[in-house]
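**Q**
Protein chains: 6
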Amino acid sequence: IPEVELGEDEVGVATGLAWTPVGGDVLFIEAIVTKGSGRLILTGRLGDVMKESAQAALGFIKANADKYGIKKDFSKIDIHVHVPAGAIPKDGPSAGITIATAMLSALTERKVRKEVAMTGEITLGGKVLPVGGLKEKILAALRYGAKTVILPEKNKQEVMEELPEEAKKKIKLVFVNRVEPVFELALYPEEKKGRTKRKKSS
Amino acid sequence: IPEVELGEDEVGVATGLAWTPVGGDVLFIEAIVTKGSGRLILTGRLGDVMKESAQAALGFIKANADKYGIKKDFSKIDIHVHVPAGAIPKDGPSAGITIATAMLSALTERKVRKEVAMTGEITLGGKVLPVGGLKEKILAALRYGAKTVILPEKNKQEVMEELPEEAKKKIKLVFVNRVEPVFELALYPEEKKGRTKRKKSS
Amino acid sequence: IPEVELGEDEVGVATGLAWTPVGGDVLFIEAIVTKGSGRLILTGRLGDVMKESAQAALGFIKANADKYGIKKDFSKIDIHVHVPAGAIPKDGPSAGITIATAMLSALTERKVRKEVAMTGEITLGGKVLPVGGLKEKILAALRYGAKTVILPEKNKQEVMEELPEEAKKKIKLVFVNRVEPVFELALYPEEKKGRTKRKKSS
Amino acid sequence: IPEVELGEDEVGVATGLAWTPVGGDVLFIEAIVTKGSGRLILTGRLGDVMKESAQAALGFIKANADKYGIKKDFSKIDIHVHVPAGAIPKDGPSAGITIATAMLSALTERKVRKEVAMTGEITLGGKVLPVGGLKEKILAALRYGAKTVILPEKNKQEVMEELPEEAKKKIKLVFVNRVEPVFELALYPEEKKGRTKRKKSS
Amino acid sequence: IPEVELGEDEVGVATGLAWTPVGGDVLFIEAIVTKGSGRLILTGRLGDVMKESAQAALGFIKANADKYGIKKDFSKIDIHVHVPAGAIPKDGPSAGITIATAMLSALTERKVRKEVAMTGEITLGGKVLPVGGLKEKILAALRYGAKTVILPEKNKQEVMEELPEEAKKKIKLVFVNRVEPVFELALYPEEKKGRTKRKKSS
Amino acid sequence: IPEVELGEDEVGVATGLAWTPVGGDVLFIEAIVTKGSGRLILTGRLGDVMKESAQAALGFIKANADKYGIKKDFSKIDIHVHVPAGAIPKDGPSAGITIATAMLSALTERKVRKEVAMTGEITLGGKVLPVGGLKEKILAALRYGAKTVILPEKNKQEVMEELPEEAKKKIKLVFVNRVEPVFELALYPEEKKGRTKRKKSS
Ligand SMILES: [Ca+2]
Ligand SMILES: [Ca+2]
Ligand SMILES: [Ca+2]
Ligand SMILES: [Ca+2]
Ligand SMILES: [Ca+2]
Ligand SMILES: [Ca+2]
Ligand SMILES: [Ca+2]
Ligand SMILES: [Ca+2]
Ligand SMILES: [Ca+2]
Ligand SMILES: [Ca+2]
Ligand SMILES: [Ca+2]
Ligand SMILES: [Ca+2]
């Protein structure tokens, strides 16, 4: 019964995965939308690559705002992305799809399913590129009680070879080439927005 | 009779706790609100992590402005947070909930109870994360005459094991997972705003 | 049958070529246009020379906006150029014509032919200057299944001497002095915009 | 007859005290108010701590503008603080109350009494914190012919122990916990503004 | 028949001269004017001195806009100056008059005569100051087929002593104290603007 | 007959004096005023102290704009100060009064008398503070044919002791405590503005 840490599903908090020298870890990426002046605020000791990754995620969402029913005028809001813990430096592009998911959740007020963990670089056009540390990340997702892990299609072979059979049985692995199915899997459906009552995951 | 230093309850000054190489210390975090242009001004030799912590605290408050009855247009005010003494460098995320409390006090004009000391990292979504130096911080709160110390729930076990029994008897320890109860405990009630006459604590 | 990687023709993604210490590589340069305030956003760990190259490309396009039927007010849009992979540092001026092509595609919504790879520095006035690493870049284009490579006229002699005869037979080499023929070759014709149905190249 | 240097009382020039490796010195802090856009301009090779100190001083004044009869819209003025000599680096928080006094003088057009010298850190809320180098600073004030020195209450014991009895007889020492009495002592009364004719002090 | 490189006369491209450790070189300085917000954009790895030189050139032109029939509102345009090749660092003030010529050409749409090469520092008031590397620069102009070289009056003696007699016969040297005659010599006359048909120089 | 270098009197060019390791030198400080947005542009490799000195000079002029008949709205102009030669680094506060003179000339269109050389730090309130290198600076003024040198009153004793008697006979020395008499001596009278015809000094 590992479900200790993921907590209740919320708007604006997505479950990412990080590789660290002592193993994989779960990373909660927070996004909020406030009245503002078109700023993207990035906090949590994010390195330059991770900050650019957040810019790419936002670029994709802006360019596809109509498709996702976003009516907000981006020049009149600020989007703030924070990645606790605040004292731990973080970098790399692999949180791209998680940042995009947290942002889209905050913009549409659709909750994120916390038991859907994910890792993958996002491009400005919405492609999902391969990342590193897959085995450790998936094992961390398991420890936290995640039910599904979304991974880049280009990491599929590597994951299938390296991940212990036992782990493969315990968690659903979904491989993607683009970010749209990530949103499908991780976000609550649009029509249920605001009224959904899901079983709490913690 | 240790009540030497906390001073009278005020709007915009919250009692934080710091760890230093020579023991814990009390830190008064000041916040004011002036007419302005949406700026967050941070002074007192704050390091980058502490500045980001203040941004996260403000993000949480902006996103929950309605809930706390804040009617101000954030694009037309500046919020200035200062942490004396000005020559001493400070850093780390553990002042997060104290900064949030000082800000909310300044925005709502509800006084802060100085005898409620606190330490804990705040996330953008309002969660309270564990911090370090607990024993030293609580003893410092005692020395200054604090009556209550608010601490992260995740530090509970560590505090209960390490804190001398004598200290436990002299001060009320409150463990929290989120920031809302911090505001409940530390801020004067909203309805009494501007008319409250409390016994001075110094 | 090397056509593994180029993918379907899209708006805003042009096929560039890079030289690396371990051989040439294909680089997909992405551009999007969103509502904004006249900013040029550049991400993907681009070095200063590459960023200035993007500014020169944009300068040329702005100065020739009428000629290309661009009706957008540049002060009311942001142009974001991203070059995956986000963790790999990139620099140098040789992506100039590729950046210009991706930008013009995004601004006019004309798709880019992915099988047209290219390398060449662009000047503010639209001239194409010679670059390095030609042999390696052309071989990389071949590996990815490109049908055409656009190159600076001033590199012609060097390319003709160094490129293996076999490679010369497999790919069409086009040498240019200016950027206008690059757009002719790489972008779908204007009149077919939005309705074109081309055979997918992957 | 030491009154050589203080000069005539003026609007916008307050008498501060500095500690240097070769003894104390008098520091004239200048402030002017011009039409502008809400900027605080700080010149005179001020270090970061001293710049933040000026920000705190301005914050206090803004938050108490009504109390001091300031009718100016801070978003439409610039406040410029300069500390000659321009080539000498200066830092530390101890000029806080002097900067506040010069600013308030410039904003209200009340002259400053130059023979009132002062040293003390200011907090955003107007408290006065202890500083260093007291003995040297007071002796410098004496050399320049100051009649009064304002000092932090928390430095009282130290000053009383260290200052030579002879010096104590020649100058009036005023110890304060907050900045309001500093303004009372150093600024000409409000009602006499613009018409005051005082005996020149030089 | 050295006329290999100068190319056709254009609006916004002026022929400068650079000194390098391996001899003089010709430098084409490009300027364009686009709708904008009063920015001066400087690209081509320009050093700080060269950037300030461009600012001085622009200052002179702004202050003399009426004289040159410039009707554009500088707050509503951007001026972009680029100096290829983008990867080569450049610095020094000696391109001042060339930058001014390229800018004025772009602002007035008067073409520049490419066969008029030039070197000289410009001051904000339009004076032309001496520069270095004259002999090497003039020989480079000759190699590129320039017909005229404009030089600072204060370099006249040095040039007359050091330049080989043979070179003096092949090229016209014009020495100037101010920038106005530079514009006279290098720019097409105002009245012919847009209709001039000159023999191409390449 | 040393009058080789000063040149004709102009609006916006004042004659300063610099100390260098190889002796004193004359420095022409240029100022222009253009339509703009309230910016102070400083070029000529000026160090931080010299830049702050220019800010102090501008502050004084802004605060005394009425007195000098300046009707321009400072928020709608840019003031550009340039100190040739562009490649030579310059620093120190001693050009303060010269910068102020060049600025005031540009703002009022009153010409500056080039034969009036000057050196002295300016404070925000218009005081003139002592500077170094006096003897070398005065001898440089003599070499350039200056008729008058303005100096800080506080340097009077030092100058009188160190300057050779011969030099004292050849040039008029004026010692000042404030900047107003500098403007009196160096600027053409206001009423003659635009119509003055003076004997050229070169
Ligand atoms: Ca990761
Ligand atoms: Ca990564
Ligand atoms: Ca702390
Ligand atoms: Ca901490
Ligand atoms: Ca390349
Ligand atoms: Ca290159
Ligand atoms: Ca001091
Ligand atoms: Ca101090
Ligand atoms: Ca040069
Ligand atoms: Ca030069
Ligand atoms: Ca000087
Ligand atoms: Ca100096």
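Chains as they are written, first to last, in the numbering used here: chain A, 1 to 202; chain B, 203 to 404; chain C, 405 to 606; chain D, 607 to 808; chain E, 809 to 1010; chain F, 1011 to 1212. Heads up, the beta-carbon is just placed ideally off N, CA and C, and yes, glycines get one too.
1. Counting only Cβ-Cβ distances shorter than 9 Å, please list the residues of the region 667-694 of chain D near chain I, keeping chain order.
2. Over what stretch of residues does the beta strand (DSSP E) that includes ILE893 of chain D continue unbroken?
3. Quick one: measure Cβ to Cβ for ALA259 of chain B and MET320 of chain B, integer angstroms, because I've assumed they're closer than 8 Å.
4. With burial defined as no fewer than 16 other Cβ atoms inside 10 Å of the residue's Cβ, what is the status of SER549 of chain D: buried or exposed?
5. State yes or no: is the beta carbon of LEU124 of chain A nearer than 7 Å to at least one beta carbon in chain C?
6. Let me confirm a value: ALA18 of chain A is counted as buried when at least 16 other C-beta atoms fall within 10 Å, else exposed. Which label applies?
7. Closest Cβ-Cβ distance between LEU187 of chain A and chain B: below 7 Å?
8. Could one say the Cβ of THR619 of chain D lies closer than 7 Å to chain F's Cβ atoms, at least one of them?
9. May I ask you to list, following chain order, the residues of the region 636-655 of chain D that have a beta carbon less than 9 Å from some beta carbon of chain B?
10. When you compare each of B:GLY328, B:ARG247, B:GLU311 to HIS82 of chain A by their alpha carbons, which one comes out closest?
11. Taking Cβ to Cβ, would you say ALA14 of chain A is nearer than 7 Å to THR101 of chain A?
12. If you scan the region 257-329 of chain B from start to end, which runs of the alpha helix (DSSP H) of 4 or more residues do you find wholly inside it?
13. Can you name, in chain order, every residue of its own chain whose Cβ lies under 6 Å from the Cβ of ILE203 of chain A, other than the five neighbours on each side?
14. For LEU341 of chain B, report the span of its alpha helix (DSSP H) as first-last.
15. Around the C-beta of SER643 of chain D, are 16 or more other C-beta atoms found within 10 angstroms, so that it is buried, or is it exposed?
16. Does the distance from the C-beta atom of GLY24 of chain A to that of LEU139 of chain A stay below 7 Å?
17. Looking only at C-alpha atoms, which of F:PRO1140, F:LYS1179, F:LEU1134 sits nearest to ALA1156 of chain F?
18. To the nearest angstrom, how far is it from the Cα of ARG784 of chain D to the Cα of VAL734 of chain D?
19. Buried or exposed, going by whether 16 or more other CB atoms sit within 10 Å of the CB of LYS518 of chain C?
20. Going by C-alpha distance, which of C:ALA545, C:PRO556, C:ASP495, C:LYS539 is nearest GLU584 of chain C?
21. Among B:GLU207, B:ASN357, B:THR222, B:ILE324, whose alpha-carbon lies nearest the alpha-carbon of VAL384 of chain B?
22. For LEU129 of chain A, go through chain C and note every residue whose CB falls closer than 7 Å to its CB, in chain order.
23. Determine, using beta carbons only, whether GLU254 of chain B comes closer than 7 Å to chain A.
24. Which of the three DSSP states, helix, strand or coil, is assigned to GLU363 of chain B?
25. In whole angstroms, what is the alpha-carbon distance linking ILE905 of chain E and LYS558 of chain C?
26. Against chain E, does GLY524 of chain C count as a neighbour if the rule is that its beta carbon must be under 7 Å from one of theirs?
27. What does GLU311 of chain B touch in chain D if you count any residue whose Cβ is under 7 Å from its own?
28. With H, G and I counted as helix, E and B as strand and the rest as coil, what does DSSP make of PRO1199 of chain F?
29. Closer than 7 Å, CB to CB, is PRO406 of chain C near chain E or not?
30. Assign VAL810 of chain D to buried or exposed, taking buried as 16 or more other Cβ atoms, counted over all protein chains shown, within 10 Å of its Cβ.
31. Looking at the C-beta of ALA302 of chain B, does it have a partner C-beta in chain A at a distance below 7 Å?
32. Out of A:LYS76, A:ASP48, A:LEU124, A:THR43, state which residue places its alpha-carbon closest to the alpha-carbon of THR34 of chain A.
33. For VAL655 of chain D, which of helix, strand or coil comes out of DSSP?
34. Do you know offhand how far GLU772 of chain D's Cα is from VAL755 of chain D's?
35. Does GLY1102 of chain F pass the burial test, meaning 16 or more other C-beta atoms within 10 Å, or should it be called exposed?
36. Which residue marks the beginning of the beta strand (DSSP E) containing ILE373 of chain B, and which one marks its end?
**A** Quick answer:
1. Going by chain labels, chain I is absent from the structure shown, which instead holds the protein chains A, B, C, D, E and F.
2. No information on residue 893 of chain D is available, as it lies outside the stretch 607 to 808 that chain D covers here.
3. Against the second sequence, residue 259 of chain B aligns to sequence position 57. Against the second sequence, residue 320 of chain B aligns to sequence position 118. Not really, about 12 Å apart at Cβ, beyond 8 Å.
4. Examination of residue 549 of chain D is not possible in this model, given that chain D is present from 607 through 808 alone.
5. Looking up residue 124 of chain A in the first sequence gives position 124. Yes, its Cβ sits closer than 7 Å to a Cβ of chain C.
6. In the first sequence, residue 18 of chain A corresponds to position 18, counting from 1. Its Cβ being crowded by 16 or more others within 10 Å, ALA18 of chain A is buried.
7. Taking the first sequence and counting its residues from 1, one reaches residue 187 of chain A at position 187. Chain B contact via Cβ: absent.
8. In the fourth sequence, counting from the first residue as 1, residue 619 of chain D sits at position 13. Residue 619 of chain D is actually Val in this sequence, not Thr. By this cut-off, VAL619 of chain D is an interface position.
9. Residues GLY644, ASP654, VAL655.
10. Taking the first sequence and counting its residues from 1, the one referred to as residue 82 of chain A is at position 82. Residue B:GLY328 is the option with its Cα nearest to HIS82 of chain A.
11. For this step, residue 14 of chain A is matched to residue 14 along the first sequence. For this step, residue 101 of chain A is matched to residue 101 along the first sequence. Yes.
12. Taken in chain order, the complete alpha helix (DSSP H) segments of 4 residues or longer contained in the region 257-329 of chain B are 298-310.
13. Coverage of chain A is limited to positions 1 through 202, which leaves residue 203 of chain A absent and any answer about it impossible.
14. Here residue 341 of chain B refers to the residue found at position 139 of the second sequence. First-last of the alpha helix (DSSP H) with LEU341 of chain B: 336-345.
15. If you number the fourth sequence from 1, residue 643 of chain D lands on position 37. Burial call: exposed.
16. Walking along the first sequence from the start, residue 24 of chain A turns up at place 24. Walking along the first sequence from the start, residue 139 of chain A turns up at place 139. Yes.
17. Here residue 1156 of chain F refers to the residue found at position 146 when the sixth sequence is read from its first residue. Of F:PRO1140, F:LYS1179, F:LEU1134, the residue nearest in Cα terms is F:LYS1179.
18. Position 178 of the fourth sequence, counted from the start, is the residue given in the question as residue 784 of chain D. Position 128 of the fourth sequence, counted from the start, is the residue given in the question as residue 734 of chain D. For ARG784 of chain D and VAL734 of chain D, the distance between alpha carbons rounds to 5 Å.
19. The count along the third sequence starts at 1 and reaches residue 518 of chain C at position 114. Buried.
20. Residue mapping note: residue 584 of chain C aligns to position 180 of the third sequence, counting from 1. Ranking the options by Cα distance to GLU584 of chain C, first place goes to C:PRO556.
21. Taking the second sequence and counting its residues from 1, one reaches residue 384 of chain B at position 182. The shortest Cα separation from VAL384 of chain B among B:GLU207, B:ASN357, B:THR222, B:ILE324 belongs to B:ILE324.
22. Here residue 129 of chain A is taken as the residue at index 129 of the first sequence, counted from 1. Near LEU129 of chain A (Cβ distances below 7 Å), the residues of chain C are PRO488, ALA489.
23. What you label residue 254 of chain B is simply residue 52 of the second sequence in a count that begins at 1. Taking Cβ atoms only, chain A reaches closer than 7 Å to GLU254 of chain B, which makes this a yes.
24. Position 161 of the second sequence, counted from the start, is the residue given in the question as residue 363 of chain B. The answer is helix: DSSP assigns GLU363 of chain B an H, G or I state.
25. For this step, residue 905 of chain E is matched to residue 97 along the fifth sequence. For this step, residue 558 of chain C is matched to residue 154 along the third sequence. Going by the C-alpha atoms only, they are around 29 Å apart.
26. If you number the third sequence from 1, residue 524 of chain C lands on position 120. So, not an interface residue.
27. The residue labelled residue 311 of chain B in the question sits at position 109 within the second sequence. Within chain D, no residue has its beta carbon less than 7 Å from that of GLU311 of chain B; the closest one is some 12 Å off.
28. For the purposes of this step, residue 1199 of chain F is taken as residue 189 along the sixth sequence, with counting starting at 1. Three-state DSSP puts PRO1199 of chain F in coil, outside helix and strand.
29. Locating residue 406 of chain C in the third sequence gives position 2, where the first residue counts as 1. Because the pLDDT at PRO406 of chain C is just 49, under 50, the model does not fix this residue reliably, and the point stays unresolved.
30. Any question about residue 810 of chain D goes unanswered here, given that chain D covers just 607 to 808.
31. In the second sequence, counting from the first residue as 1, residue 302 of chain B sits at position 100. No, because no Cβ of chain A sits closer than 7 Å to the Cβ of ALA302 of chain B.
32. On the first sequence, residue 34 of chain A is found 34 positions in, with the first residue counted as 1. Nearest C-alpha to THR34 of chain A: A:LYS76.
33. Taking the first residue of the fourth sequence as 1, we reach residue 655 of chain D at position 49. In the structure shown, VAL655 of chain D falls within a helical segment according to DSSP collapsed to helix, strand and coil.
34. Sequence index remark: in the fourth sequence, residue 772 of chain D carries index 166 (1-based). Sequence index remark: in the fourth sequence, residue 755 of chain D carries index 149 (1-based). So the two alpha carbons sit approximately 15 Å from each other.
35. In the sixth sequence, residue 1102 of chain F corresponds to position 92, counting from 1. When all chains shown are included, GLY1102 of chain F counts as buried.
36. Mapped onto the second sequence, residue 373 of chain B falls at position 171. From DSSP, ILE373 of chain B is part of no beta strand (DSSP E); its letter is neither H nor E.
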